[in-house]
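The structure appears right after this line, and notes come after that.
Residue numbers (our numbering): 1212 to 1464.
What follows is the structure, encoded as structure tokens:
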């Protein structure tokens, strides 16, 4: 038995140029899945591709906020892959802004990629003849911020809370078509972006972040493992839920 084997599965991953999207793309390839890597930086997508195993993967450089190109995007992917079995939306924006300086434009930017682009991706992914009628899985990436308050995170938190709400309704809507929809909520993971933030903090300040996670901070592969499971047939009875992957962050009172 090959647990979480993704042989024969075609997976579309946004935000594949770095961090969690890169780690997930690499792992899916090791589990024998084929990946369409989506991002804006073609050179970074090429770098991700160079880390992957197997053949048949493709990269597509696109601005996901340009919805006029989604017809072309899904046409190109299905022409190359045939039917799709998974969609993972990692692409997103996080801005740390106190409410007194949180302008409508900044909130719109976060909503556009964190929520609206996800819904538009789902709309195209679930079109007739795109998902495999035998079953498919959608994974959205939320955050612990959706349920745990923090200063200056109001804008980001509300976009992720909205995402989780959408996931629950989508799961009910898509269940008759055997399409599962879930979200995951990571805590502090040492991605390239968070390492850059770490380098701007004092040792004491960063230790405070670590102490909020009983198991310490996470690695991108920790998150990739969960996503791969949710994409696999082993997760066939899981839909409409948000799974926290946070080293115990949410367990603290």
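Heads up, the beta-carbon is just placed ideally off N, CA and C, and yes, glycines get one too.
Using the three-state DSSP reduction, which class does residue 1298 fall into: helix, strand or coil?
Residue 1298: strand per DSSP, three-state reduction.
According to DSSP, what are the bridge partners of residue 1259?
Bridge partners of residue 1259: none, in fact.
Return the residue from the list 1404, 1244 and 1225 that minimises the CA-CA distance to residue 1444.
Checking every option, the nearest Cα to that of residue 1444 belongs to 1244.
Quick test of the definition: if touching needs 3 or more C-beta pairs under 8 Å, does the stretch 1410–1424 touch the stretch 1372–1392?
The count of Cβ pairs closer than 8 Å, one atom from the stretch 1410–1424 and one from the stretch 1372–1392, stays below three, leaving the stretches out of contact.
So, using beta-carbon positions, are residue 1379 and residue 1297 closer together than 7 Å?
Against a cut-off of 7 Å, the Cβ pair of residue 1297 and residue 1379 comes out as no contact.
Contact set for residue 1432: own chain, Cβ-Cβ below 6 Å, skip 5 residues either direction
Cβ within range, chain order: 1234.
Which residue marks the beginning of the beta strand (DSSP E) containing residue 1273, and which one marks its end?
Following the DSSP letters along the chain, one finds residue 1273 in no beta strand (DSSP E), marked with neither H nor E.
Minimum C-alpha distance to residue 1356 - residue among 1453, 1448 and 1226:
Each of 1453, 1448 and 1226 was checked against the Cα of residue 1356, and the nearest Cα belongs to 1453.
On the CB-based measure, 16 or more other CB atoms within 10 Å of its CB, does residue 1197 come out buried or exposed?
Given a span of 1212 to 1464 for the chain in the structure shown, any question on residue 1197 remains unanswerable.
Sequence-distant residues of its chain with Cβ nearer than 7 Å to residue 1370 (five each side left out)
So the qualifying residues of the chain are 1321, 1322, 1325 and 1326.
With DSSP as the reference, label residue 1245 as helix, strand or coil.
DSSP, read as helix, strand or coil, puts residue 1245 in strand.
Please check the pair residue 1270 and residue 1284, which I expect to be a contact at CB under 8 Å, by giving their CB distance rounded to whole angstroms.
Wrong, their Cβ atoms sit about 12 Å apart, outside the cutoff.
By the 10 Å Cβ neighbour count, where 16 or more other Cβ atoms means buried, how is residue 1421 classified, buried or exposed?
Per the 10 Å Cβ criterion, exposed.
What number of angstroms, rounded off, separates the C-alpha of residue 1306 from the C-alpha of residue 1367?
Straight through space, the alpha carbons of residue 1367 and residue 1306 are spaced by roughly 6 Å.
Inspect the beta-carbon positions of residue 1249 and residue 1266 and report whether they are closer than 7 Å.
No. Outside cutoff.
If I follow the unbroken alpha helix (DSSP H) through residue 1329, where does it start and stop?
DSSP places residue 1329 in the uninterrupted alpha helix (DSSP H) bounded by 1328–1336.
Residues that residue 1397 bridges to, as DSSP identifies them
Answer is 1456, bridged to residue 1397.
Residue 1348 in three-state terms, based on DSSP
Residue 1348 sits in a strand when the DSSP states are folded into three classes.
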